[in-house]
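Heads up: the structure comes next, in structure tokens.
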Amino acid sequence: MLRWQEFEQSAPGLAEEGRKLITSFGLGLGYLATIRRDGGPRIHPFCPIFHQGGLYGLILPASPKCGDLRRDGRFAIHAFPLPDRDDEFYLAGRARPADKLAAAVRATFLAQEGSPTSTGDEACFEFLLERALLARYPKRGEGPAWPPVYTKWRAP
Amino acid sequence: MARSVNGASWESFAIAAPRLAASGRRLLYGGEAIASAFLATVAPDGGPRLHPVFPVLAAGELWLFIVTMSPKYRDLRRNGRYALHALPPPGGGEEFFLRGDAVQVSDAAARAAVIAATAGRQGIHDFEALFRCSISVALHTRWEGWGTPAPWPTYEKWLA
Chain A
1 MLRWQEFEQS APGLAEEGRK LITSFGLGLG YLATIRRDGG PRIHPFCPIF
51 HQGGLYGLIL PASPKCGDLR RDGRFAIHAF PLPDRDDEFY LAGRARPADK
101 LAAAVRATFL AQEGSPTSTG DEACFEFLLE RALLARYPKR GEGPAWPPVY
151 TKWRAP
Chain B
1 MARSVNGASW ESFAIAAPRL AASGRRLLYG GEAIASAFLA TVAPDGGPRL
51 HPVFPVLAAG ELWLFIVTMS PKYRDLRRNG RYALHALPPP GGGEEFFLRG
101 DAVQVSDAAA RAAVIAATAG RQGIHDFEAL FRCSISVALH TRWEGWGTPA
151 PWPTYEKWLA
């Protein structure tokens, strides 16, 4: 499991493209999948935050996904889809609580453009990375829709 | 091998909770001919996996065509439990979420009906396996004051 900046050092091109996809709307936007207490999957949109070499999330402390991440830190993240192409960026790994950094991560989040909002009491998690996947498609209508060109990475 | 499936058909859900189902249909399709969503499945190690998918509402059911070479196909064959989240509308402020069980369906007539509902855009290849998705939980969230410093959610939830 690596921090984002270690992933960047390991696979700089993939990390750069992935970061572009996560932040393609300004604020980081993605879907977060976690595992429920009963073993089933859960999915929610959230705002990934790049802060001092790490990838973080501010999660409402009373939310089910916060409980999931505290109990079983395994996660999958997928960047929001783009309006004009189907490119995908996917991350999987394990989240670790980072509540001591919550105020600093919140400050980084709120300093971004795009009207970020905060309740001021979110739990903070850092997403440590085990796998990454980038799928590149032609612009819609300009080439075969499938299969895409895949770039895969696994933590050494 | 037969296994128990939890949840209701889309039609049963829509009869029981018509306003919620209408919101769900609107958000899944987003005004387009093809619906879009994200699907979470359970990987062999018990961890989560996440994929974009193109659900289809047809013949009173929610369907997915899943490419048989994909990890999510193997996930659903092994463990049909799924969670599905619609894409946000352009201005944000709403979410639609479903949870249930997905079961592969090989019935040719059912497949033909679903392909017809997509006007032949999906399901025409043998490597697109058809799954019927039952619905155990549906949740629509509407955010009041979206984009302001104090957005507030209101929820409409249905349990099978």
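Sequence order for the protein chains is A and B.
Note that the numbering used here has the first sequence beginning at 1, numbered continuously upward.
Note that the numbering used here has the second sequence beginning at 1, numbered continuously upward.
C-beta: ideal position from N, C-alpha, C; glycine also.
A direct Cα-Cα distance of roughly 11 Å separates residue 19/A from residue 5/A.
Just so you know, the alpha carbons of residue 96/B and residue 69/B end up roughly 28 Å apart. Residues of the region 100–133 of chain A that bring their beta carbon within less than 7 Å of a beta carbon in chain B comprise 115, 117, in sequence order. The beta-bridge partner set that DSSP reports for residue 81/B consists of 101/B.
Uninterrupted alpha helix (DSSP H) stretches at least 4 residues long and entirely within the region 29–84 of chain A occur at 64–71, given in chain order.
Among the residues facing chain B, residue 89/A is not included, as its CB has no counterpart in that chain under 8 Å away. When 25/B, 9/B, 44/B, 42/B are compared, the shortest CA-CA separation from residue 36/B is found for 25/B. Here the region 42–55 of chain A makes no contact with the region 5–21 of chain B; the two share fewer than three CB pairs at distances below 8 Å. In the structure shown, the three-state DSSP call for residue 140/A is coil. Among the residues of the region 73–85 of chain B, those with a Cβ less than 8 Å away from any Cβ of chain A are 81, 82, 83, 84, 85, in the order of the chain. Across the set 118/A, 124/A, 79/A, the C-alpha of 124/A shows the shortest separation from the C-alpha of residue 100/A. Of the other Cβ atoms in all chains shown, fewer than 16 fall within 10 Å of the Cβ of residue 60/A; this residue is therefore exposed. Counting only Cβ-Cβ distances below 7 Å, residue 42/A has contacts in chain B at 40, 83, in chain order.
Here residue 128/A is near residue 2/A, since their CB atoms are less than 8 Å apart.
Taking CB atoms only, residue 57/B has no neighbour in chain A less than 8 Å away. Chain A has a Cβ within less than 8 Å of the Cβ of residue 46/B.
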